[in-house]
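Visitor:
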Ligand code: BTN
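Residue numbers (my numbering): 84 to 409.
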């Protein structure tokens, strides 16, 4: 049975109401046994299925699945290729593997990732249908040196889209963690391929916690928050997963166009105005050592500036992590 049938079933159940086995069979043109086989796949995807005697089946709270047409509309004026997938290993991995054959601006979105990638080799918890997992491939002509500060600019872009929903208190922890009250709301992972001294492709991966199921959250090893809870806390209504994913596509493509011509300079102030921990004591760890000092901000290349006894230390990214030392 194909993904298409499962998708049809999910679209019917997405309204959060009860649907009887008979109704599902009729709408999917299949026997009730075949429907049951499809329904059994939902818990395997991590989707909570409720059944009530005499009532049928429902997905408590419903689901807002991605819809190609809505995504394309919200992403305007972006007009690239959209790969919309149900389940795959990682949207970043997908574009990295196909980097030689896809056009600059191509986007891959999935309802679920089975091997979502986070920074510093960590996994990114990616349950089905609840969050946003999105990657965009972009071609740069000037090699790795033209990418200085890009990962921070992506953070700015994601923060601005989330603020556009009406969410308050969105901050950026160097280089690009998107936080609210020190809880992670979204993460960014950049991967590069091609010629480091010439034409290269960057895959910009963005994960937004939208409505993290409690079961899945048990695998997250840092404080986190999701858009649904924040929206409730802050009295923001009417947020749509399709709208935000579409706006992210539009914002990323416009940011990448601007970055290709002006670099990080157009984004530095926007990053600093949302920076977490500036002027405060932090600890910065590399593979070799941990240094403590006061966070000064970032320079024109996006490097982190740390005031330590004896001078200012610069960190350029890679395997570096930062945490509050207060
Ligand atoms: C982080 O550790 O903060 C970075 C998380 C990045 C997650 C996103 S989800 C879409 C894209 N595909 C991946 O496998 N990772 C990124």
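Heads up, the beta-carbon is just placed ideally off N, CA and C, and yes, glycines get one too. Owing to the predicted nature of the structure, the values given are computational and were not obtained by experimental measurement.
#1: Kindly list the residues whose CB is nearer than 8 Å to the CB of residue 84, restricted to its own chain and excluding five residues on each side of it in sequence; keep chain order.
#2: Applying the criterion that 16 or more other CB atoms from any shown protein chain within 10 Å of the CB defines a buried residue, is residue 210 buried or exposed?
#3: Can you tell me which of the three DSSP states residue 106 falls into?
#4: Closest to residue 293 by C-alpha separation, out of 133, 89, 146 and 231, would be which residue?
#5: Leaving out the 5 sequence neighbours to the left and right, which residues in its chain are closer than 7 Å to residue 174 when beta-carbon positions are compared?
#6: Going by the beta-carbon positions, is the gap between residue 406 and residue 255 smaller than 9 Å?
#7: Hey, out of 202, 268 and 236, whose CA is closest to residue 214's CA?
#8: Taking 8 Å as the cut-off, is the CB of residue 198 close to at least one heavy atom of the ligand BTN?
#9: Within this structure, are the beta carbons of residue 251 and residue 317 separated by less than 9 Å?
#10: Going along the chain, which residues of its own chain have a beta-carbon closer than 8 Å to the beta-carbon of residue 143, five neighbours each way excluded?
#11: State the Cα-Cα distance for the pair residue 411 and residue 396, rounded to the nearest angstrom.
#12: For a test of your reading of the model: does the CB of residue 156 fall under 8 Å from any non-hydrogen atom of the ligand ZN? Yes or no.
#13: What are the partner residues of residue 242, as DSSP defines its beta bridges?
#14: Any beta-carbon of chain C closer than 9 Å to the one on residue 186?
#15: When you compare the segment 222-238 with the segment 270-280, are there three or more beta-carbon pairs, one atom per stretch, that lie closer than 8 Å?
Guide: In short:
#1: For residue 84, the predicted structure reports a pLDDT of 41, less than 50, and the residue's modelled location is therefore unreliable. A value from the coordinates is still provided. Correct list, in chain order: 117, 120 and 121.
#2: The C-beta of residue 210 has 16 or more other C-beta atoms within 10 Å across all chains shown, which makes the residue buried.
#3: Annotated three-state conformation of residue 106 is helix, per DSSP.
#4: Cα-wise, what sits closest to residue 293 is 146.
#5: If we look at residue 174 and ignore the five residues flanking it on each side, its Cβ neighbours are 191, 192, 193, 196, 216, 217, 218 and 288.
#6: Not a contact, by the Cβ cut-off of 9 Å.
#7: Here the closest residue by C-alpha is 268.
#8: Within the cutoff, so yes.
#9: Yes. Within cutoff.
#10: Once the five neighbours on either side are set aside, the close Cβ partners of residue 143 are 99, 131 and 133.
#11: A query on residue 411 cannot be resolved here, the shown segment of the chain reaching from 84 to 409 and no further.
#12: Among the ligands modelled here, namely the ligand BTN, the ligand ZN does not occur.
#13: DSSP output for residue 242 lists no bridge partner at all.
#14: You won't find chain C in this structure, because it holds only one protein chain.
#15: Verdict: yes, contact present.
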